[in-house]
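Residue numbering for the sequence shown is 1 to 313, as defined by the UniProt record's numbering. As structure tokens, the structure follows; a few thoughts come after it.
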Amino acid sequence: MSEIFMINDKKVPLKSLQYNSKANQLEVMRNWFYEHYEDPVNSCPYNSREGGYAYIYGGPYDADEELQGYFGGFVKDDYIQELVDELQADCFEWSGNSNNTDWYDDDLYNAVTSSEAPFAKFVGNIEGIKSLANGEFEGERKDHLLSLLYTNVITTLETLYVELFISAINEDESYIAEFIEKGKSEFKVSKEIAALPFKGEPIEKVRNELLKAVKEHLISASWHNTDRVLKRFKATFDIDVQKDWPIDAIEIATLKRNHLVHRGGKDKDGNLVVITEQDLDELLGHTMSIGEKLYRSLEIAVLTKSAGGETEF
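Structure follows, in structure tokens:
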């Protein structure tokens with residue numbers, strides 16, 4: 001992290017922020033947060049039927065998770081928690097800042113949108129994690145390895161989510177319409193794209209710009225909450241989600257991952273989060289299960305649509 005903050009007309013790098021007063025640290029974090037996030041009431045349409053905001057600028061984001069993710073290890077946890085409490089008094093779920101136009105990274109966009117066979121890559125990554133877990137490590141080194149692998153499993157699953165979604169919308173243009181119309185209204189066409197037809201631009205260019213904007217939005221969206229992710233898939237692709245999908249287990253594991261990554265390995269009560277071999281094995285099993293179930297369900301939905309409702313599945 002190389003961001004430089006201005007404090008009393010002096011440039012202060014993130015790693016040196018801890019040497020400033022508590023008030024200055026809180027002010028820097030507060031300004032940073034509002035630069036990147038905002039209350040959805042200010043910019044996001046409200047869906048009265050669904051009973052919630054449509055996070056068209058990314059989100060919903062958790063203030064605790066975002067602040068810990070950026071400032072954790074550089075600012076005291078109790079300072080971060082103080083600001084989190086302040087922010088949560090106003091809003092629990094935040095939108096991305098609607099004024100930001102550079103929220104995605106070109107390299108990330110190219111990597112995600114050009115990814116081939118996302119499920120096969122996912123399986124390969126899981127097998128790689130299993131192989132590393134069998135390494136001959138002991139004591140603290142083993143504990144550290146298990147924690148790293150545990151967090152990596154969740155990251156691997158979230159990568160599968162976004163890559164599967166983007167791969168699937170390429171199968172049929174009607175999915176773009178489904179996503180825009182039914183996908184919890186999470187996307188809004190920019191003024192620039194809306195103006196293209198009136199500038200005499202060909203329909204193909206409008207289509208390509210719209211498709212790119214949808215993919216950019218998906219990359220910037222939050223994929224941390226598995227329940228919300230599956231609802232996104234359901235709304236767009238009409239997948240069949242069954243009760244035996246280990247959604248709750250993945251949600252609990254994601255919370256543990258957040259403690260490991262954002263809280264220095266401790267939960268909100270200060271208790272050390274220890275990952276055992278059994279914990280990792282169980283998560284690997286749940287992750288493979290939900291990953292395969294999602295892939296198969298999505299595959300059936302896409303095949304059914306392409307076959308006009310007739311498929312051997």
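Cβ coordinates follow ideal geometry from the N, Cα and C atoms, glycine included. What you are looking at is a predicted structure, and each value in this text was computed from that prediction instead of being measured.
Where residue i falls: helix, strand or coil (DSSP)
| i | result |
| --- | --- |
| Val273 | coil |
| Glu310 | No answer about Glu310 holds up, because its pLDDT of 45 lies below 50 and its placement is not dependable. |
| Ile239 | coil |
| Val75 | strand |
| Lys212 | helix |
| Val189 | coil |
| Pro202 | coil |
| Lys256 | helix |
| Tyr55 | coil |
| Lys182 | helix |
| Lys266 | strand |
Short Cβ contact (9 Å threshold) for residue i with residue j
| i | j | result |
| --- | --- | --- |
| Ile275 | Lys256 | yes |
| Leu283 | Val153 | yes |
| Ser93 | Tyr61 | Strictly speaking, residue 93 in this sequence is Glu, with Ser absent from that position. For Glu93 and Tyr61, yes; Cβs fall inside 9 Å. |
| Ala221 | Gly58 | yes |
| Lys215 | Ile180 | no |
| Asn42 | Ser98 | yes |
| Val123 | Met288 | yes |
| residue 339 | Leu83 | Missing from the structure shown is residue 339; the chain here goes from 1 to 313 and no further. |
| Val206 | Leu218 | no |
| Trp164 | Val75 | Residue identity check: residue 164 is Leu in the sequence provided, not Trp. For Leu164 and Val75, no; Cβs fall outside 9 Å. |
| Phe237 | Tyr175 | yes |
| Lys121 | Tyr79 | no |
| Tyr213 | Val241 | The question names Tyr, yet the displayed sequence has Ala at residue 213. No, the Cβ-Cβ distance between Ala213 and Val241 is not below 9 Å. |
Integer-rounded CB distance, given that residue j should sit under 8 Å from residue i
| i | j | result |
| --- | --- | --- |
| Ser147 | Leu272 | Incorrect: roughly 11 Å between the Cβ atoms, too far for contact. |
| Gly291 | Leu157 | 6 Å |
| Leu149 | Leu132 | 6 Å |
| residue 314 | Lys305 | The requested residue 314 does not occur in the structure, where the chain is confined to residues 1 to 313. |
| Pro40 | Ser95 | 4 Å |
| Ile193 | Glu209 | 5 Å |
| Lys182 | Ala249 | Not really, about 28 Å apart at Cβ, beyond 8 Å. |
| Pro246 | Ser167 | About 23 Å; that fails the 8 Å criterion. |
Contact test: residue i Cβ vs the ligand FAD heavy atom, cutoff 8 Å
| i | result |
| --- | --- |
| Cys91 | The ligand FAD is not part of the structure shown, which contains no ligands of any sort. |
(message) Between the segment 58-69 and the segment 31-41, can you find at least three pairs of beta-carbon atoms closer than 8 Å?
(response) yes
(request) Indicate whether the contact test is met: 3 or more Cβ pairs, each with one atom in the segment 210-226 and one in the segment 248-255, closer than 8 Å. (result) yes
(request) Could I get the ranges of all uninterrupted alpha helix (DSSP H) runs contained in the segment 89-176, with 4 residues as the minimum, in chain order? (result) 106-113, 118-133 and 139-169
(request) Jot down the residue ranges of each uninterrupted alpha helix (DSSP H) in the segment 6-37, minimum 4 residues, whole runs only, in chain order. (result) 22-36
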